[in-house]
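According to the numbering used here, the sequence shown is numbered sequentially starting from 13.
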Amino acid sequence: MAGEHLYTFYENEIRRIKDDDTYRFLKTLEVRDGKYATYMGGRLINLSSNDYLGLATDRDLIKSFYGTMDESNMVDSFGPGSTSSRLLTGNHSLYSDLEGLLGSLYSGIAGGAKREALVFASGYHANAGIFSAIAGEGDLILSDSLNHASIIDGIRLSRARRETYPHLDYGRLEEILREMRGGYDKVIIATESVFSMDGDAADLKKLVELKNAYNVMLFVDEAHAAGVFGEKGLGMCEVQGAAGDIDILMATFGKALGSQGAWVVTHPVIKDFLVNRARTLIFSTALPPVVLSWNKFVLERMHAFRPLRERLLMLAARFRDSVIQAGLLSTGSTHIIPIITGDNSRTVRVSAELQERGFLLFPIRPPTVPKGTSRIRVSLTAGIEWEDIEKIPSIIRGIE
Ligand code: PMP
Numbered sequence: 013m014a015g016e017h018l019y020t021f022y023e024n025e026i027r028r029i030k031d032d033d034t035y036r037f038l039k040t041l042e043v044r045d046g047k048y049a050t051y052m053g054g055r056l057i058n059l060s061s062n063d064y065l066g067l068a069t070d071r072d073l074i075k076s077f078y079g080t081m082d083e084s085n086m087v088d089s090f091g092p093g094s095t096s097s098r099l100l101t102g103n104h105s106l107y108s109d110l111e112g113l114l115g116s117l118y119s120g121i122a123g124g125a126k127r128e129a130l131v132f133a134s135g136y137h138a139n140a141g142i143f144s145a146i147a148g149e150g151d152l153i154l155s156d157s158l159n160h161a162s163i164i165d166g167i168r169l170s171r172a173r174r175e176t177y178p179h180l181d182y183g184r185l186e187e188i189l190r191e192m193r194g195g196y197d198k199v200i201i202a203t204e205s206v207f208s209m210d211g212d213a214a215d216l217k218k219l220v221e222l223k224n225a226y227n228v229m230l231f232v233d234e235a236h237a238a239g240v241f242g243e244k245g246l247g248m249c250e251v252q253g254a255a256g257d258i259d260i261l262m263a264t265f266g267k268a269l270g271s272q273g274a275w276v277v278t279h280p281v282i283k284d285f286l287v288n289r290a291r292t293l294i295f296s297t298a299l300p301p302v303v304l305s306w307n308k309f310v311l312e313r314m315h316a317f318r319p320l321r322e323r324l325l326m327l328a329a330r331f332r333d334s335v336i337q338a339g340l341l342s343t344g345s346t347h348i349i350p351i352i353t354g355d356n357s358r359t360v361r362v363s364a365e366l367q368e369r370g371f372l373l374f375p376i377r378p379p380t381v382p383k384g385t386s387r388i389r390v391s392l393t394a395g396i397e398w399e400d401i402e403k404i405p406s407i408i409r410g411i412e
């Protein structure tokens, strides 16, 4: 057929990706039922979900959410479409309710610092929009080497200079600050608080100390911490008492809050600036009413999910210990437990065997993680019991 040669490059690339054992394909999950998911005909324990509190599949919670729907609020509170960008007609009053609620929750732990919230359509939109807006050519962004792709892409879009510091190596970060701070007007330190593929946590107090000492801004992505950490569920900033010192805090509704979207908590001036300059906010359709209503519904109950958080973190500590005791390689201290298997083809074999044995786990390979550190990422959720997962370390040990 005419023009087929146009695709030869891509066919060759796909072949190369397959040879490298890093081929990806879209997996179809059929039924999600609490801690279980049906995949390829089997009902497996879902250990690959970011629904950390189990809210996205909590039938009682979902029923009580939709229980308030009637003819009068069907469109404005439960409608599927917002019809346009927030800057045009998509900025429903639910946005101000949600941002007001977020602002007051974070102001409650910010020690008097002025804080306001801004909601984006997703975490990817937020990170791409924030960095490309707040930094530009001639600025410097210091980024943890394991930061998420959305942070990296935001920095690329900004055209600022990016210096990567080794993961959690704040000694090296300080050296870079000492060497380079003087040469730039705007400097921003960018980190996740809980790292998505390693399950370890940033030392926010140390970062605040550096930020103050060198007079730079601090950005923290709490995507994997919000909902899971803190008495109120507000994340690592709550646990480490850093909420009032982080210049730009970002977190997502797509993980522990069980839906879609992201929020940014920041100084009112930065919020105002983002509304004017964040292209991903300006040029993309606003979230639908139903999602905004759910986000508010869940946030209002966040403090009440404390027993779920405590249960999840206890289970995680026990499982991580058992992985290490079995002689397997792991890192971190949170509900995300990586089991480093190293080589791509072994990782693919291990995950296939684990699926065979009833666990929904996928191989995590480059470029998601650095070369040579392929892994099985066990992502625990609050409904999982110890008996569901206790055999995993010995199964992995038994695989060549
Ligand atoms: N930041 C981090 C650390 C993430 O892990 C993710 C999602 N994997 C995002 C941002 C993007 O969030 P979203 O899925 O809402 O686009």
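Backbone N, C-alpha and C define an ideal beta-carbon position, used for all residues, glycine too.
Run of the beta strand (DSSP E) containing residue i, from where it starts to where it stops
| i | result |
| --- | --- |
| Ile-396 | First-last for Ile-396: undefined, no H or E at that position. |
| Arg-174 | 173 to 177 |
| Glu-128 | 128 to 132 |
| Leu-261 | 260 to 264 |
| Arg-98 | Counting along the chain, Arg-98 falls outside any beta strand (DSSP E), and DSSP gives it neither H nor E. |
| His-390 | Contrary to the premise, residue 390 reads as Val rather than His in this sequence. Run containing Val-390: 386 to 391, per the beta strand (DSSP E) assignment. |
| Val-199 | 199 to 204 |
First through last residue of the alpha helix (DSSP H) which encompasses residue i
| i | result |
| --- | --- |
| Asn-288 | 280 to 289 |
| Ile-10 | No information on residue 10 is available, as it lies outside the stretch 13 to 412 that the chain covers here. |
| Tyr-226 | 216 to 226 |
| Met-437 | Lying outside 13 to 412, the shown extent of the chain, residue 437 is not represented and no answer is given. |
| Leu-340 | Segment: none, Leu-340 is in no alpha helix (DSSP H) and carries neither H nor E. |
| Ser-108 | 105 to 119 |
| Tyr-182 | 182 to 192 |
| Glu-83 | Neither: Glu-83 is in no alpha helix (DSSP H) and is coded neither H nor E. |
| Val-251 | 248 to 251 |
DSSP-derived helix/strand/coil call for residue i
| i | result |
| --- | --- |
| Ile-26 | helix |
| Arg-409 | helix |
| Asp-233 | strand |
| Gly-354 | strand |
| Val-302 | helix |
| Phe-371 | strand |
| Asn-139 | helix |
| Glu-42 | strand |
| Glu-149 | coil |
| Gly-270 | coil |
| Val-277 | strand |
| Ile-163 | helix |
| Asp-156 | strand |
| Thr-297 | strand |
| Ala-364 | helix |
Integer Cβ distance of residue i from residue j, believed to fall under 8 Å
| i | j | result |
| --- | --- | --- |
| Met-229 | Ile-260 | 7 Å |
| Glu-149 | Arg-171 | 5 Å |
| Arg-369 | Ile-407 | 6 Å |
| Ala-298 | Ala-263 | The pair is not a contact, with the Cβ atoms about 19 Å apart (cut-off 8 Å). |
| Thr-292 | Phe-143 | That belief does not hold up - the Cβ atoms of Thr-292 and Phe-143 are roughly 10 Å apart, past 8 Å. |
| Gly-239 | Leu-269 | 5 Å |
| Ile-388 | Leu-366 | 7 Å |
| Val-232 | Ser-205 | 5 Å |
Test: residue i CB closer than 8 Å to a CB of chain C
| i | result |
| --- | --- |
| Gly-270 | You won't find chain C in this structure, because it holds only one protein chain. |
Uninterrupted alpha helix (DSSP H) stretches inside the segment 49 to 80 (no shorter than 4 residues)
71 to 78
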